[in-house]
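In our numbering, the protein residues as written are 11 to 648.
In structure tokens, the structure reads:
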């Protein structure tokens with residue numbers, strides 16, 4: 011088996027963060043520290059209505075730009091077909107083939123790129139990139155997609171010392187296999203499944219398939235440059251060239267998907283398939299990982315990794331059945347857009363319990379559906395491999411406080427300061443033929459009929475306890491921003507090493523206003539970065555970049571690995587948060603979490619979450635409470 015090599019990452023995917031820029035703001039510069047190859051179009055270039063702002067990623071076959079759609083006023087990603095090994099840039103914009111011998115391969119790759127865009131434009135699956143439009147220009151082709159924030163699955167797994175458990179892997183596989191089934195139904199194959207080609211979206215951790223290898227594979231087939239095109243640990247034998255009886259098909263993606271799961275469990279890829287065909291040194295997971303995962307799960311992955319296609323799992327649906335996904339996720343999840351991206355909701359259907367997606371990093375996850383009296387617990391796999399779901403009613407009393415984290419996230423500031431039904435009763439009569447006349451006997455007085463029993467009305471159900479959720483409240487604040495107020499935030503680095511790297515960012519706003527910044531740590535801590543006692547309350551000027559922090563403070567993260575989120579608010583009015591009982595630690599404010607935050611949320615009245623603060627309106631005249639807000643994310647690693 012081989013450890014993952016740098017060659018496994020053909021495309022640089024930067025989890026670029028930031029709000030939505032506007033036409034009134036200047037073009038954002040390229041992210042600091044990005045290694046620009048010089049192949050990209052000049053920043054500020056317009057492709058129809060799309061203004062290129064930064065280079066978000068560059069690989070061997072395409073360049074992805076963060077762009078602004080001036081027609082619909084939204085941030086998008088623009089992907090340009092650019093196989094750098096055979097083309098160059100002429101006149102600043104035109105893509106030209108360097109050598110005539112590569113012309114046919116370039117044109118074949120271009121056609122495949124356009125066909126891929128056409129296909130993706132037809133689908134609206136939550137695990138597939140949505141293509142808004144595509145066209146040919148500048149001797150190349152372009153596709154426009156949503157601009158997504160998040161981290162790759164590879165980086166997420168690297169940030170966790172323990173491998174994902176079976177529940178986490180099944181939760182990941184469910185939407186990915188559904189998406190692959192959609193593609194395969196159209197006889198289209200991904201051909202490049204690997205941990206660096208799966209993104210976990212910020213906030214929801216919804217997996218998204220990236221970087222389809224269609225154009226790459228076509229070019230590789232025509233130029234015989236397969237060692238540059240393929241990832242050795244993930245590519246099955248049929249991708250390595252024309253081998254009699256070894257055609258590509260659904261089983262090709264099945265192999266790569268299983269290899270990705272193999273890497274998640276062992277932190278090693280399977281041996282390259284070319285070598286396995288001669289001398290198969292593959293160690294079955296049913297032996298290597300026995301006891302940590304169910305036997306059914308491991309055997310299914312081993313079968314999917316059979317080196318010869320005819321011995322391998324033949325389809326995604328077969329793989330789902332063998333691994334137990336149809337039992338694991340019997341209900342359909344539909345992902346609907348929310349203010350800051352996407353959030354899961356149940357597809358229309360009967361009222362029974364809904365299955366929600368747990369956080370991939372947690373072995374046992376309990377999730378509460380907002381506004382409902384039911385929560386959902388994902389239990390670890392039983393010895394027989396079945397995945398049990400427990401549905402229970404939320405107790406009427408407030409939930410027990412979560413245990414204190416063993417190591418809380420904090421920010422190191424300046425000189426060593428650490429902060430961190432009623433039943434219907436039917437009457438009936440029985441009619442009989444009249445009997446012959448007989449003497450009428452004296453009948454006893456009948457007993458009085460019992461009074462009808464009226465069932466007492468069922469007591470009204472007690473309201474579900476209010477649970478504070480910082481991520482949801484951040485999103486509610488962003489959704490409530492005033493029309494025309496746009497805030498853009500660019501992080502200098504989106505991956506921060508604990509106790510080593512500082513958080514640095516730039517704020518731009520369409521309006522003047524006061525700046526408020528909150529950090530929600532990976533351990534749940536809620537900290538106010540601005541204002542603070544050292545820096546005071548910063549002012550943001552319209553269209554002027556504000557680089558933070560200044561020299562008076564130094565924000566260094568210290569805490570467990572995981573995703574952190576910043577809520578950045580630019581408000582016309584000053585806002586007061588003192589009623590929410592923050593505690594002062596070295597001049598920085600920490601806000602309540604757990605039961606205290608739940609109690610605040612239950613008592614708080616008003617259209618906005620309490621984290622938005624109370625606007626300080628003038629004593630006389632109208633209270634113009636307008637603000638802009640955005641959320642950006644960064645990942646902490648050790």
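From the three backbone atoms N, C-alpha and C, an ideal C-beta is built for every residue, glycine too.
Taking the alpha-carbon of residue i as reference, which of the options has the nearest alpha-carbon?
i           : options               : result
residue 143 : 564, 154, 149 and 150 : 154
residue 104 : 110, 526, 149 and 73  : 149
residue 641 : 601, 190 and 574      : 574
residue 514 : 527, 522 and 520      : 527
residue 632 : 189, 202 and 583      : 583
residue 590 : 510, 551, 208 and 478 : 478
residue 635 : 523, 320, 578 and 560 : 523
residue 289 : 318, 140 and 601      : 318
residue 565 : 538, 648 and 51       : 538
residue 258 : 604, 324 and 607      : 324
residue 531 : 605, 114, 569 and 548 : 569
residue 299 : 54, 273 and 117       : 273
residue 109 : 98, 626 and 629       : 98
residue 275 : 53, 291 and 297       : 297
residue 183 : 196, 643, 213 and 219 : 219
residue 6   : 505, 603, 134 and 558 : Not covered by the structure: residue 6. The range shown for the chain is 11 to 648.
residue 102 : 55, 123, 140 and 189  : 55
Would the beta-carbon of residue i fall within 7 Å of that of residue j?
i           : j           : result
residue 91  : residue 151 : yes
residue 540 : residue 556 : no
residue 543 : residue 494 : no
residue 637 : residue 482 : no
residue 162 : residue 209 : yes
residue 327 : residue 310 : no
residue 217 : residue 174 : no
residue 508 : residue 648 : yes
residue 63  : residue 77  : yes
residue 334 : residue 306 : yes
residue 506 : residue 572 : no
residue 120 : residue 189 : no
Assuming residue i and residue j make a contact with CB atoms under 8 Å, what is their CB distance in whole Å?
i           : j           : result
residue 586 : residue 616 : Incorrect: roughly 13 Å between the Cβ atoms, too far for contact.
residue 562 : residue 545 : 6 Å
residue 499 : residue 517 : 6 Å
residue 279 : residue 199 : The Cβ separation is near 20 Å, so there is no contact.
residue 211 : residue 160 : 4 Å
residue 304 : residue 172 : In fact, because the Cβ distance is near 18 Å, the residues do not count as touching under 8 Å.
residue 560 : residue 521 : About 22 Å; that fails the 8 Å criterion.
residue 87  : residue 156 : 7 Å
residue 497 : residue 554 : That belief does not hold up - the Cβ atoms of residue 497 and residue 554 are roughly 13 Å apart, past 8 Å.
residue 338 : residue 180 : 5 Å
residue 202 : residue 222 : 7 Å
residue 204 : residue 241 : 5 Å
residue 100 : residue 106 : 5 Å
residue 116 : residue 93  : 6 Å
Opposite residue i in the DSSP bridges: which residues?
i           : result
residue 73  : 68 and 90
residue 530 : 536 and 575
residue 595 : 598
residue 146 : 151
residue 265 : None; residue 265 has no bridge partner.
residue 141 : Paired residue(s): none; residue 141 is not in a bridge.
residue 49  : Looking at the DSSP assignment, residue 49 forms no beta bridge with any residue, so it has no partner.
residue 326 : Per DSSP, none; premise fails for residue 326.
residue 604 : According to DSSP, residue 604 bridges with nothing at all.
residue 581 : 524 and 637
residue 645 : 505 and 573
residue 56  : 61
residue 317 : None; residue 317 has no bridge partner.
residue 79  : 60 and 84
residue 217 : 210
residue 498 : 518
residue 303 : 300
residue 162 : 209
Comparing the C-beta of residue i with each C-beta of chain B, is any distance below 7 Å?
i           : result
residue 548 : Looking for chain B here will not work: only one protein chain is present.
Review point. Counting Cβ pairs closer than 8 Å, one from the segment 66-73 and one from the segment 165-181, do we hit at least three?
Key: no
| Just checking, does the segment 122-130 make contact with the segment 61-69 on the three C-beta pairs under 8 Å criterion? | no
Q. Would you call the segment 266-283 and the segment 296-316 in contact, with 3 or more CB pairs under 8 Å?
A. yes
Three or more C-beta pairs below 8 Å linking the segment 240-251 and the segment 283-298
yes
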